[in-house]
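Below is one structure, written out as structure tokens; comments come after it.
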Ligand code: ATP
Ligand code: MG
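Numbering (the UniProt record's numbering), first residue to last: 1 to 270.
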């Protein structure tokens, strides 16, 4: 880690600067971080800078952030947001990363609706190659969801947000409750220990469904209702989903999925 050579407060009219970068606008906000679009003053390259106020974090969350940095430093893959530089001052941490121009696939789906199966397959293959790359390095993401799948200028996938990522050893289960409830695997809802990679694989099944249907497979007005639906493994196969795709969903999202193995009534279109 290097110290930020200059992290300046807003001047009267001038831009806010972080190192050699001028901050342009906010891209997103998380629990502990704000992500800004910034431009290199000389090369004009656009980057995303995740800015973390360390004074707002307790020791546990600070450790999590340092783990996120450690993991991102290890990753170099065409479909994972690349960490370029880390700057640190006494109170602040700045992660300078690759910028994904077309933002979250979540927003893309909200605006344009579901993807064709052909396009979903292309995106899903990119996600799979990136997650496989992580798992081969004993890293689990643990927060795969449409909000953390970004799109670059060519509409290619860039996986972001390794804030819940961790190392795993085969045969040594993990136990921390991670991720977002609609994407969480049954074993997480049941408070069981889990094999890290399997957690990502479940979330990828949810992601595939979201890409193809533009809606979540498991949803509910309250957490207990959602939990029940996930544990039952019940989800709808809409009329427009091809049989090939439905079989693939069943493979990923079912332990005992009535939606595919069950009666025709559970296959009702929505
Ligand atoms: P949360 O707790 O909500 O998951 P977080 O603090 O971990 O958030 P990120 O998920 O890394 O932060 O970033 C928050 C949002 O900022 C993203 O969902 C995305 O909209 C935007 N964002 C983050 N990184 C980039 C990037 N490299 N390019 C474009 N947008 C980005
Ligand atoms: Mg996020």
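Glycine included, each C-beta is placed from N, C-alpha and C at the ideal position. Please read these numbers as outputs of a predicted model, since none were measured by experiment.
Check whether residue i and residue j have beta carbons under 8 Å apart
i           : j           : result
residue 52  : residue 36  : no
residue 207 : residue 109 : no
residue 226 : residue 170 : no
residue 192 : residue 156 : no
residue 223 : residue 140 : no
residue 143 : residue 161 : yes
residue 271 : residue 98  : This structure cannot speak to residue 271, because the chain is shown only from 1 to 270.
residue 27  : residue 65  : no
residue 151 : residue 159 : no
Collapsed DSSP secondary structure at residue i in the structure displayed
i           : result
residue 16  : coil
residue 55  : helix
residue 73  : helix
residue 193 : coil
residue 166 : strand
residue 239 : coil
residue 130 : helix
residue 256 : The predicted position of residue 256 is uncertain, since its pLDDT is 46 and thus under 50; a value taken from the coordinates is nonetheless stated next. If DSSP states are grouped into helix, strand and coil, residue 256 belongs with coil.
residue 271 : Residue 271 cannot be examined here, being either before or after the span of the chain that is shown, 1 to 270.
residue 216 : coil
residue 101 : coil
residue 201 : helix
residue 65  : helix
Enclosing beta strand (DSSP E) for residue i [first to last residue]
i           : result
residue 152 : Taken as a continuous stretch (DSSP letters only), residue 152 belongs to no beta strand (DSSP E), as it is neither H nor E.
residue 36  : 33-40
residue 114 : Looking at the DSSP string, residue 114 is not in any beta strand (DSSP E), and its letter there is neither H nor E.
residue 25  : 21-29
residue 172 : No beta strand (DSSP E) contains residue 172, which DSSP labels as neither H nor E.
residue 183 : Per DSSP, residue 183 belongs to no beta strand (DSSP E) and is neither H nor E.
Burial state of residue i, where buried means 16 or more other Cβ atoms lie within 10 Å
i           : result
residue 248 : buried
residue 196 : buried
residue 70  : exposed
residue 95  : buried
residue 177 : exposed
Terminal residues of the alpha helix (DSSP H) in which residue i lies
i           : result
residue 95  : First-last for residue 95: 92-98, but that is the beta strand (DSSP E), not the alpha helix (DSSP H).
residue 144 : Taken as a continuous stretch (DSSP letters only), residue 144 belongs to no alpha helix (DSSP H), as it is neither H nor E.
residue 232 : 223-232
Exercise for the section: Using the beta-carbon of each residue, find all residues closer than 6 Å to any heavy atom of the ligand HEM and list them in chain order. Expected result: The ligand HEM is not among the ligands present in this structure, which contains only the ligand ATP and the ligand MG.
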